[in-house]
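Encoded as structure tokens, the structure appears first; notes follow it.
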Amino acid sequence: MDFSTIDISAISFEYFISNQSQITDLQSCNDLLREKCGVKSFFEDEKQLSRFIALIAERNNKAEEPDRREYGDFQTNINLALKSADYIKSISKDENIAFILEPTCGKGHFIIAALATFTDIKRIVGIEIYQPYVWEAKFNILDFFLINKNRSVPLIEIFHANVFDFDFESLSKETRSLSTCIIGNPPWVTNSELSSLASKNLPQKSNFKKHTGFDALTGKGNFDIGESISLLMLKHFSSHQGYFGFLVKNSVVKNLVYDQKKNLYPINKLKKLAIDAKKEFNVSVDACFFVAEFNLQAGLTCSDNDLYSLQEKQIFGWVNNKFVNSVLDYKQAKDIDGKSQFVWRQGLKHDCAKVMEFERNNGHYINGLNHELHIESDLVYGLLKSSDLKHTQTNTYRKLTIVTQKKIGQETNYIKRDYPLTFEYLNNNSEYFDRRKSSIYQGKPRFSIFGIGDYSFMPYKIAISGMYKTTHFTLVTPANGKPIMLDDTCYFIGFEKEKYAKIALYLLNHKHTQQFLKAIIFTDSKRAVTKDILMRIDFLMLYKLFDYTLITNNIAVEIEDWEDFGKLLEQKTDAKQMTLF
Ligand SMILES: C[S@@+](CC[C@H](N)C(=O)[O-])C[C@H]1O[C@@H](n2cnc3c(N)ncnc32)[C@H](O)[C@@H]1O
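The opening residue of the sequence shown carries number 151 in the numbering used here; numbering runs sequentially from there.
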């Protein structure tokens with residue numbers, strides 16, 4: 151009896167699986183089935199039953215194949231694999247690649263691409279954790295040689311194994327003399343995504359970058375599995391003669407180049423060749439083919455190109471002790487890389503937009519719940535968001551907010567006493583405040599806000615959006631005698647004097663500062679502009695690059711203001727230096 155030809159329905163299959171413990175011998179199994187469906191002697195003999203049990207077990211294993219997501223499973227299409235292999239051939243010139251290693255080979259498309267591209271291969275090793283892909287890879291290779299009859303046949307081993315358990319040390323020794331190409335597409339998945347899937351697909355020493363528990367909490371300990379596999383390859387093979395080419399997320403390349411400073415693997419001529427991941431894999435991720443040449447002096451920079459056009463955009467990496475997005479721009483603008491004399495602040499945070507933000511409509515305040523507010527105007531301030539910072543100067547706003555505190559942690563009881571209408575409004579909507587999840591609000595006065603201090607009430611502010619990729623600064627001036635607030639997507643510095651704010655604005659929007667920011671900002675980060683970035687602008691160095699006679703055509707300030715601004719910077723610089731001793 152061949153059960154494999156019988157179509158056992160899902161419901162019957164489920165039934166057998168859930169009653170496995172009772173299907174131990176012919177008698178008990180047939181009794182069970184008789185009771186369930188009335189059929190007598192469902193199985194005729196022990197032999198028939200044991201065949202059936204084997205089939206059920208096999209199907210069950212298939213059903214339990216892991217969710218492929220946890221293996222970062224994006225099989226590379228053969229065209230992209232061919233294009234990638236071809237790129238390596240183009241840089242390897244006449245070198246005969248003899249050894250191919252694909253550490254997570256999947257269905258083997260990179261192995262096929264390598265076979266099609268390099269004609270003198272002596273040995274190929276592929277490793278894959280998912281058994282059905284191991285078979286597909288083998289059959290794909292068989293197909294290749296059945297079609298390409300005249301090709302010399304190398305030794306090919308496809309291991310069904312976990313890359314993190316594989317003995318690369320021995321493989322590296324065995325292949326030491328062979329010109330090597332490590333090529334592939336390791337899983338695109340991070341360890342935190344894996345742990346959310348409760349996966350075991352992690353390197354043995356998952357703390358491979360020696361992250362502390364604190365880093366793990368802040369997210370710095372989150373790493374890509376593709377990164378750990380890349381490092382594993384570089385550790386064992388980078389002193390071979392040869393090449394490395396992996397399809398990875400851009401963030402992996404950034405980390406690899408960043409870590410080169412301490413790892414100093416003998417790789418050089420690093421290239422990040424952007425791919426269109428949406429087109430190739432139908433995923434919205436910034437990804438590339440990362441290429442390096444082995445057995446060279448350790449390179450600390452990487453050129454940023456495009457795999458399709460091969461056009462170079464810029465070079466990023468280390469310039470002395472600074473890790474920068476554009477080496478060329480940094481070299482030209484690094485004179486202002488220092489410590490800002492003004493403290494850049496993030497705007498207001500309340501996590502309660504529906505209640506705390508409102509608009510003025512025909513003289514009525516309407517909040518995010520579409521309710522009208524009747525409150526005193528004293529605590530009401532105009533509020534700007536990132537999207538409002540398009541122009542060079544502004545004092546108009548769409549939104550308003552209630553500024554409940556003058557500094558962080560200030561008691562808010564005074565509102566009940568001094569502003570009863572405002573209190574009533576806040577109190578009536580207190581459930582929205584109570585719902586705020588962030589732990590920063592716990593144990594704090596009612597209606598607390600963050601990102602508030604004397605600096606918030608400075609009349610003149612120079613602000614920038616942290617959400618956009620542009621680095622344009624806006625001068626925000628008061629409206630109706632009140633300073634305008636920024637929300638927490640923005641950063642700003644504040645001034646009492648308008649003239650100082652104008653000078654700061656001019657300096658910040660100057661092309662030299664813009665070039666410096668372009669050099670140090672990695673635009674692929676979620677928040678491109680950060681406080682850390684802004685705090686690197688040394689205003690004094692910047693100021694010294696200009697002369698009053700040069701700036702007077704651009705901003706209407708008197709020479710006294712210009713000079714006073716310089717003195718202020720000197721004082722702030724001295725004060726900062728004093729605190730160092
Ligand atoms: C992004 S896919 C790429 C497959 C193949 N390299 C290609 O380019 O078509 C990643 C592959 O890694 C395999 N994989 C995931 N974790 C692995 C591990 N720990 N050891 C070996 N292979 C693994 C997955 O099953 C999957 O086939």
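Beta carbons are placed, not taken as given, at the ideal position from N, Cα and C, and that holds for glycine. Since the structure is predicted, the reported quantities are computational estimates derived from the model, not experimental observations.
Quick check on DSSP: helix, strand or coil for residue i?
i	result
Cys255	coil
Cys179	helix
Glu522	strand
Trp712	helix
Met635	strand
Leu367	For Leu367, the predicted structure reports a pLDDT of 39, less than 50, and the residue's modelled location is therefore unreliable. A value from the coordinates is still provided. Here Leu367 sits in helix by DSSP.
Phe268	coil
Asn357	Its pLDDT being 48, under 50, Asn357 is placed unreliably in this model, and the value from its coordinates should be taken loosely. Looking at Asn357 - three-state DSSP - the assignment turns out to be coil, as it is neither helix nor strand.
Tyr618	coil
Lys717	helix
Cys640	strand
Gly376	helix
Val474	strand
Leu529	coil
Gln170	helix
Lys249	Looking at the sequence itself, residue 249 is Phe, so the reference to Lys does not match. Correct three-state label for Phe249: strand.
Ala204	helix
Lys722	helix
Ala213	Bear in mind that a pLDDT of 44 at Ala213, under 50, signals an unreliable position, so the model cannot answer this.
Phe645	strand
Val402	helix
Ile612	strand
Lys676	coil
Asp487	strand
Lys499	strand
Ala231	helix
Ile629	Before going on, a small fix: residue 629 reads as Ala here, not Ile. Strand.
Asn274	This sequence places Ile at residue 274; Asn is not what is there. Residue state, collapsed to three classes: strand.
Thr663	helix
Ser162	helix
Using 9 Å as the threshold, is the C-beta distance between residue i and residue j below it?
i	j	result
Thr551	Met635	yes
Asp274	Ala264	Note that residue 274 is Ile in the sequence shown here, rather than Asp. Result yes, Cβ atoms of Ile274 and Ala264 sit closer than 9 Å.
Trp338	Phe224	yes
Gly222	Pro304	no
Leu446	Ile417	yes
Ile291	Phe316	no
Asp711	Ile653	yes
Gln281	His259	no
Lys421	Val441	yes
Phe597	Thr627	no
Leu460	Ile425	no
Asn413	Ala448	yes
Ile306	Thr340	no
Leu690	Gly716	yes
Thr267	Asp236	yes
Residue i and residue j look like a contact to me (Cβ under 8 Å); what is the Cβ gap, rounded to whole Å?
i	j	result
Glu526	Thr572	5 Å
Ala651	Leu625	6 Å
Cys640	Ile614	7 Å
Leu406	Asn455	Between Asn455 and Leu406 the Cβ distance is about 16 Å, and since that is not below 8 Å, they are no contact.
Can you tell me where the alpha helix (DSSP H) with residue i in it begins and where it stops?
i	result
Leu692	689-694
Val477	477-483
Lys399	From DSSP, Lys399 is part of no alpha helix (DSSP H) but of the beta strand (DSSP E) over 392-399.
Ile653	648-659
Thr699	698-701
Ile465	Taken as a continuous stretch (DSSP letters only), Ile465 belongs to no alpha helix (DSSP H), being part of the beta strand (DSSP E) at 464-469.
Ile683	681-684
Which residues bound the beta strand (DSSP E) around residue i?
i	result
Asn511	507-511
His514	514-517
Leu625	624-626
Residue i CB to nearest chain C CB: under 9 Å?
i	result
Gly497	Given the protein chain composition of this structure (a single chain), no chain C is represented.
Problem set entry | 3 or more residues per run - each beta strand (DSSP E) lying fully within the region 404-460 | 417-425, 437-444, 451-456
Problem set entry | Those runs of the alpha helix (DSSP H) which lie wholly inside the region 276-338 and span at least 4 residues | 281-297, 318-324
For this session: Write down every uninterrupted run of the beta strand (DSSP E) in the region 532-606 whose length is 3 residues or greater and which is fully enclosed by it, in chain order.
Result: 549-552
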